[in-house]
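Student:
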Amino acid sequence: MPRLIKQGQITSDAWLPPVADAATAPDPHLPNLSQWLSLADKSGSAVQLEPGDGIAELLPALDAIELVAVNFPLFTDGRGFSYARDLREHGYRGELRAVGAFLPDQMHYLRRCGFDAFQFNDESRLEEGLRQLDIFSEHYQGAMDEPRPLFRRRS
Amino acid sequence: MYQYDQYDQRIVDERVAQFRDQTRRYLSGQLSDAEFLPLRLQNGLYVQRLAPMLRIAVPYGLLSSAQLRKLAHIARHYDKGYAHVSTRQNIQLNWPQLEEVPDILAELASVQMHAIQTSGNCIRNTTTDQFAGVAADELEDPRPWCEIIRQWSTLHPEFAFLPRKFKIAVCASEQDRAAIHAHDIGIELLADGAGGHGFKILAGGGLGRTPVIGSVVCEWVDRQHLLTYLEAILRVYNQHGRRDNKYKARIKILVKAMGVEAFREAVEREWAALKDGPSTLTDEEIERAKSFFTTPPYARLDAAATGAALGERCAADPIFGNWVARNTTAHRTPGYRAVTISLKATGVAPGDITDRQLELLADLADNFSFGELRTTHQQNMVLADVEETALYALWQQLQGAGLATPNIGYITDVICCPGGDYCSLANAKSIPVAEAIQARFEDLDYLYDLGPIELNISGCMNACGHHHIGHIGILGVDKKGAEFYQISLGGSQSKEAAIGKILGPSFSQEDVPDVVEKLLDTYVNLRQEEETFLQTFNRVGIEPFKERVYAKTH
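Residue numbers (our numbering), protein chains in the order written: chain A, -4 to 150; chain B, 6 to 559.
1) Specify, as a first and last residue, the run of the beta strand (DSSP E) that glutamine 101 of chain A falls within.
2) The beta strand (DSSP E) with phenylalanine 489 of chain B in it runs from where to where?
3) Establish whether the CB of tyrosine 12 of chain B and some CB of chain A are separated by less than 8 Å.
4) Report the neighbours of histidine 161 of chain B on chain A: residues whose CB is nearer than 7 Å to its CB, in chain order.
5) List the endpoints of the continuous alpha helix (DSSP H) containing tyrosine 397 of chain B.
6) Look at the Cβ atom of leucine 68 of chain B, then the Cβ atom of threonine 380 of chain B, and state whether they are nearer than 8 Å.
7) Check for me: the alpha helix (DSSP H) holding glycine 316 of chain B runs from which residue to which?
8) Out of B:Gln244, B:Glu440, B:Gly424, state which residue places its alpha-carbon closest to the alpha-carbon of alanine 433 of chain B.
9) Give, in chain order, every unbroken run of the beta strand (DSSP E) that is at least 3 residues long and sits entirely within the stretch 53 to 115 of chain B.
10) Are the CB atoms of phenylalanine 375 of chain B and tyrosine 7 of chain B nearer to each other than 8 Å?
11) Tell me, please, whether the CB atom of tryptophan 157 of chain B is closer than 8 Å to any CB atom in chain A?
12) For asparagine 461 of chain B, list the residues DSSP reports as bridge partners.
13) What residues match up with isoleucine 346 of chain B in a beta bridge as DSSP calls it?
14) Got a sec: which bits of the stretch 256 to 289 of chain B sit with their beta carbon under 9 Å from any beta carbon on chain A, in order along the chain?
15) Would you report the Cα separation of methionine 102 of chain A and isoleucine 507 of chain B, rounded to the nearest angstrom?
16) Apart from the five residues on each side of it in sequence, which residues of its chain come closer than 7 Å, Cβ to Cβ, to alanine 314 of chain B?
17) Could you give the residue range of the beta strand (DSSP E) that holds glutamine 4 of chain A?
18) For glycine 75 of chain A, report the span of its alpha helix (DSSP H) as first-last.
19) Taking the CB atoms as reference points, tell me whether arginine 342 of chain B and valine 391 of chain B lie closer together than 8 Å.
20) Among the candidates B:Arg544, B:Glu273, B:Gln14, B:Phe373, whose CA atom is the shortest distance from the CA of glutamine 402 of chain B?
21) With the cut-off set at 8 Å, would you say leucine 194 of chain B and cysteine 176 of chain B are in Cβ contact?
22) State the CB to CB distance for the pair leucine 366 of chain B and asparagine 243 of chain B, rounded to an integer number of angstroms; the pair is presumed to be in contact (CB under 8 Å).
23) For a contact meaning CB atoms closer than 7 Å, what does proline 144 of chain A contact in chain B?
24) Mapping DSSP to helix, strand and coil, what is asparagine 27 of chain A?
25) Tell me the residue span of the beta strand (DSSP E) that contains cysteine 176 of chain B.
26) Does DSSP classify valine 139 of chain B as helix, strand or coil?
27) For glutamate 45 of chain A, name the three-state secondary structure that DSSP assigns.
28) If you draw a straight line from the alpha carbon of lysine 280 of chain B to that of cysteine 465 of chain B, how long is it in whole angstroms?
29) When we look at the beta-carbon of glutamine 11 of chain B and count the other beta-carbons within 10 Å, is it buried (16 or more) or exposed?
30) Below 8 Å between beta carbons: does that hold for alanine 208 of chain B and tryptophan 328 of chain B?
31) Would glutamine 2 of chain A be called buried (16 or more neighbouring beta carbons within 10 Å of its own) or exposed?
32) Alanine 184 of chain B: buried (16+ other C-beta within 10 angstroms of its C-beta) or exposed?
33) Taking only beta-carbon atoms, is alanine 124 of chain A less than 8 Å away from chain B?
34) Considering only residues of the same chain and omitting the five flanking positions on each side of alanine 444 of chain B, which have a CB-CB separation below 6 Å?
35) Based on the DSSP secondary-structure assignment, which residues constitute the bridge partners of phenylalanine 512 of chain B?
36) Counting only beta-carbon separations shorter than 8 Å, does tyrosine 87 of chain A have a partner in chain B?
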């Protein structure tokens, strides 16, 4: 089973990447956005977003979704950072998983944007990723981990 | 100026540790070239033609004497004894060793400096007026706002991997000395007429391959909403800016593609969710930021007497008088002037400064200007608070160090990128072109007769020399492997901002000074009374210049 970081620990689960050319996602593959949209019952559902998908179509079902995976096919494409933040700010409470080619060096920013699970394409990076999860102990801006910017907390 | 507290210091210290670790992992093969690239760029480190180039952040151009001494030490110890002032008011080193960059960053952190986000596809150093706090035409000091934006943008978790670089400038005066129309976001501080201030927000300006003048996205944003409004713009850009073509990835392309109306609506939608949230600025924070930029303890001077004494000195020593006329600026405090130190002596690459000159300027800042100095986006430096009676002593010391070239605002005050001598992006060299032009116009009487002329040189389309907004712009182009130069006229970075018009086919390097001379002859023949080059150009258009330059010789 693929390994990932969740709740600050290395663990594993059964989810596999989406299969693009299927009408419905074969178990245990994550549905892509169009496969997910065709689900009649979205309660307890999971979905994987790609860069460009946006989050608008998820909004009506946010309370029903259990897992949103956001793919980073290129670590330099930062759209997923805004997707995460936007989802959390719209009240999404389920698991938010970064998947793909992101770097351990991006873990901290990803976590601050609201991701709580991290699945590298390259599993050998899990330990390094874990090490970098909290590489900064202080921040200027508010984010999902601490909504108050430093200027509301300085003493 | 702004002083770090324990929080600011911890953030830059942790950044140094992070980069030390990243450098180690890169050198040991745990990070590939492609992976290390954006990580090092976000710490200002380029790998260039001859060596790495390190760009050090100078937030809104303000430096203390202690920081100048540290920069001198770094230039001497880690580099070849000189540094370069960039067109974003930053300081660049041309020859650091990759392995030593973490140590350089640690040295910088010890004087509250860093290289965070001086490059890469992220929010860059916020720039403003080099005469902030002393300009007579200022509504309010823009630097507290720049500092507020600096803190918000520093290590912002959401906006570190944008489609492309992102530059913000703030203007708080009648005259725009920050070129806000040529920035991804331009912020103009405005008064509400009842003693309060707010901001006009422009977006989508920029130079580069497709120069565009910024559009007004919002006519008025209340001051407490500044950060949430900026955040809304960035979020729209991060999600919708193009990522398929780096030449179409700047926000200016997005604003054009959407149309400013639709762009504004998208920003307003995002803003609705952020407005009044925790990032809304508090009065306490605004006051805290302002508390670092208070009026220094000026002497109470009899301006009539100091002015008269200065006038006598100038008359007695015309060379000094000439420097005062060209390189000093009116100050709002009686008996003081702001001094611009020219880094444009002929024979020195524009914006270059040696370690010893940096140390001298640190001493001069301590002795004459409350220990502070500014860098300008015209690649010069400013001592902002000098007593008129001290100008002569200051000038003598500057002259002894080759820092008293009296050419501020004239054609030899060339704005110029490092070009093909250093930069791996460049199509052509720019420094030798600048030098040839400076040599051609060395005669001061002729120089002053030509009046104020901004001449900008970029070695490639990336336009680091801001050639589009030069009254005369020179762009290095590659023609079948040879270096050529395209010339444009009529650009302007004022509030009446304009993009220069291309004159015609490009020229070889050795022809450029002749062409510039012909352009200026044309201006001198056509000008009426006190018209400047730009005014004449705007009246007569490009044709007379074209005819003269491309006339067939019989």
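Each residue gets a CB set at the ideal place from its N, CA and C atoms; glycine is no exception.
Tutor: Looking at the atomic coordinates:
1) Premise fails: glutamine 101 of chain A is in no beta strand (DSSP E) and is neither H nor E.
2) 487 to 494
3) yes
4) Gln136
5) 396 to 405
6) yes
7) 308 to 321
8) B:Gly424
9) 57 to 61, 67 to 69, 87 to 90, 96 to 98
10) no
11) yes
12) B:Ile420, B:Gly478
13) B:Met386
14) Glu275, Ala278, Leu279, Gly282, Pro283, Ser284, Leu286, Thr287, Glu289
15) 47 Å
16) Thr394
17) 4 to 7
18) 74 to 84
19) yes
20) B:Phe373
21) yes
22) At roughly 39 Å, the Cβ-Cβ gap does not stay under 8 Å, so leucine 366 of chain B and asparagine 243 of chain B are not in contact.
23) Pro283, Ser284
24) strand
25) 173 to 176
26) coil
27) coil
28) 40 Å
29) exposed
30) no
31) exposed
32) buried
33) The question names alanine, yet the displayed sequence has glycine at residue 124 of chain A. No, glycine 124 of chain A lies away from the interface with chain B (no Cβ there is under 8 Å from its Cβ).
34) Thr351
35) B:Tyr490
36) no
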